[in-house]
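Residue numbers (the UniProt record's numbering): 1 to 529.
Right under this line is the structure:
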């Protein structure tokens, strides 16, 4: 009997080793499929292979602790890797960016707003069916494969896996310090490249660790003083998915954009850091002036730790000197955790979709006509109170998805988009007219947060720049400032606003200053030391 038990134990050990070996090898292969081959990949540092193996081993250990069956643990581990890889590829197909660590925090938002993530009724039914099939497969497998370990050993294995995960979360910052080569990749490289180089699981785990270390190792950026003089208002209009697609042959009616370009202090293409989503990346860079690449690990989701960028916020700088500060976004305040972030960034008031009536909607979202009307009312209120106003509006009307049923009588996605942009253009004209009539001197920025995900125009993913205008408004403002088009980043627009506010009024030749020189003083206060 003793020999039989020894043979059985040996056989079980061999099965476990084989299952673990297959898990480690296959997981390494799966991991690098999360981003397409079109993106270059450098040679992965040796520590990346060690971290990847550790993650695969931990996942196998977790499933073994849950099931007590080594072959099931192997298959379940690889299915788990597969789910993450497929999710990453689906995300890439829409947004041209693979899964990053901060995306894991979007699950509550996905459940509240599945339509914004292209999870419609049919998709939800399909996912539910897949879950049922997997549940059935698990039950069938447990009936076929016998237990390989006792209940006591199973409990110890599961406990070890849970303790390892808890230890990683607690010590993540210190662990990142032991992985300098991986951390350098994460800090300096685009997501497409570091996922191809490191693998998805390593990028997710090490990304979280580097994010924790980046927050503890360095303080928030220094506050940027601003002595604003000579202006009554600054209004920033971030228009959802706004891009002048006439350059691609799309018929658009944008009379206000065309008319106001002729009096712009600056105008042209805006080099944004996102495509199709991540609105808050554009708004944060515009608001703070901190370039996307200099936000380090906060760049993927700056509202996870809004206090890190808060001292650089233009709203905070103007609020300190007595300006009214208002953020307007006619959507769920919890999206991107704005309900926490917006006050931290220096806004005294936050106007959300709850401040609009149902009839203010145009299509699925609050329309730009209603937003423009509210902005004009806020300008009037500040003028009547004799107070300066800083207002940033982030619109929603043109948010995708486009398709049949979105607008009455218009089923073509491109025609729907054109209608939304016409409304955005009208809003732009209305706000400009209000500033011209109600202020002696004010500044207005109008721009698109990212290019749209528009059926038939997938090429926009390779030309992600949107459009922007910076205007000086008011009855005392010069209105013959037509300038040649220039490509700038949101951070450079922020620097231009700060230079105008600090100067108080237009200085001859100022608009010709290069974007780089306009941001020189601000660069000294960037996050990176």
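All residues carry an ideal CB built from backbone N, CA and C; glycine is no exception.
Query                                                                                                                                                                               : Result
Compare the Cα-Cα distances from residue 204 to each of 215, 182, 188 and report the closest residue.                                                                               : 182
Among residues of its own chain, excluding the 5 on either side of residue 16, which ones have a beta-carbon nearer than 6 Å to its beta-carbon?                                    : 70
Straight-line CA distance for residue 508 to residue 501?                                                                                                                           : In this prediction, residue 508 has a pLDDT of 41, which is less than 50 and means its spatial position is unreliable; what the coordinates show is noted afterwards. Residue 508 and residue 501: Cα-Cα distance of roughly 15 Å.
What's the gap between the Cα of residue 18 and the Cα of residue 82?                                                                                                               : 20 Å
Can the beta-carbon of residue 243 be found closer than 8 Å to that of residue 486?                                                                                                 : no
Could you tell me the alpha carbon to alpha carbon distance between residue 189 and residue 160, rounded to whole angstroms?                                                        : 34 Å
Near residue 85, what residues of its chain come up, given a Cβ to Cβ distance below 8 Å and the 5 sequence neighbours on each side ignored?                                        : 30, 31, 33, 34, 200
Got a sec, what are the start and stop residues for the alpha helix (DSSP H) residue 345 sits in?                                                                                   : Taken as a continuous stretch (DSSP letters only), residue 345 belongs to no alpha helix (DSSP H), as it is neither H nor E.
Shortest alpha-carbon distance to residue 451 belongs to which of 77, 471, 246, 263?                                                                                                : 246
For residue 251, which residues of its own chain have a beta-carbon under 7 Å away from its beta-carbon, when the five flanking residues on both sides are left out?                : 418
So what's residue 453 in DSSP terms, helix, strand or just coil?                                                                                                                    : coil
Please state if the CB of residue 157 and the CB of residue 64 are separated by a distance shorter than 8 Å.                                                                        : yes
From the DSSP output, read off the bridge partner residues of residue 238.                                                                                                          : 394, 447
Can residue 421 and residue 237 be called in contact, C-beta distance under 8 Å?                                                                                                    : no
Could you say which of 269, 76, 429 lies nearest to residue 257 if we only look at CA atoms?                                                                                        : 429
Please identify the residue among 357, 362, 350, 426 whose C-alpha is closest to the C-alpha of residue 392.                                                                        : 350
May I ask which residues mark the beginning and end of the beta strand (DSSP E) holding residue 470?                                                                                : 466-473
Less than 8 Å between the CB atoms is what I'm expecting for residue 444 and residue 272, so what's the real figure, rounded?                                                       : Residue 444 to residue 272, Cβ: 19 Å. No contact.
Looking at C-alpha atoms only, which residue of 361, 383, 170, 385 is the closest neighbour of residue 406?                                                                         : 361
Rounded to whole angstroms, what's the CA-CA distance from residue 482 to residue 496? Just pull it up for me.                                                                      : 16 Å
Which whole-angstrom value is the C-beta distance of residue 95 and residue 88, which I expect to be below 8 Å?                                                                     : So it is not a contact: roughly 11 Å between Cβ atoms.
Residues in the same chain with beta-carbon distance under 6 Å from residue 217, minus the five sequence neighbours each way, listed in chain order, please.                        : At residue 217, the pLDDT of 49 sits below 50, so the modelled position is not reliable; the number obtained from the coordinates is stated separately. No residues qualify anywhere along the chain.
Go through the segment 344-382 residue by residue and report every complete run of the beta strand (DSSP E) that reaches 3 residues or more, in order.                              : 349-351
Mind checking residue 279: buried by the 16 CB within 10 Å criterion, or exposed?                                                                                                   : buried
Since I believe residue 475 is in contact with residue 440 (beta carbons under 8 Å), could you give me their beta-carbon distance rounded to a whole number of angstroms?           : 6 Å
In terms of DSSP beta bridges, what is residue 488 paired with?                                                                                                                     : 270
Should residue 329 go down as buried or exposed, given a rule of 16 or more other Cβ atoms within 10 Å for buried?                                                                  : buried
When you compare the CB positions of residue 455 and residue 282, do they come within less than 8 Å of one another, or not?                                                         : no
Count the other C-beta atoms from every protein chain shown that fall within 10 angstroms of the C-beta of residue 152, then say buried if there are 16 or more, exposed otherwise. : exposed
Measuring alpha carbon to alpha carbon, tell me which of 196, 176, 198, 488 ends up nearest residue 215.                                                                            : 176
State the DSSP-derived secondary structure class of residue 326, mapped to helix, strand or coil.                                                                                   : strand
Among 471, 437, 402, which residue has its Cα nearest to the Cα of residue 446?                                                                                                     : 471
When burial is assigned at 16 or more other CB atoms within 10 Å of the CB, is residue 62 buried or exposed?                                                                        : buried
Between the Cα of residue 260 and the Cα atoms of 28, 493, 14, 478, which residue gives the shortest distance?                                                                      : 478
How would you call residue 10, buried or exposed, if buried means at least 16 neighbouring beta carbons within 10 angstroms?                                                        : exposed
Hey, how far is the Cα of residue 78 from the Cα of residue 140?                                                                                                                    : 18 Å
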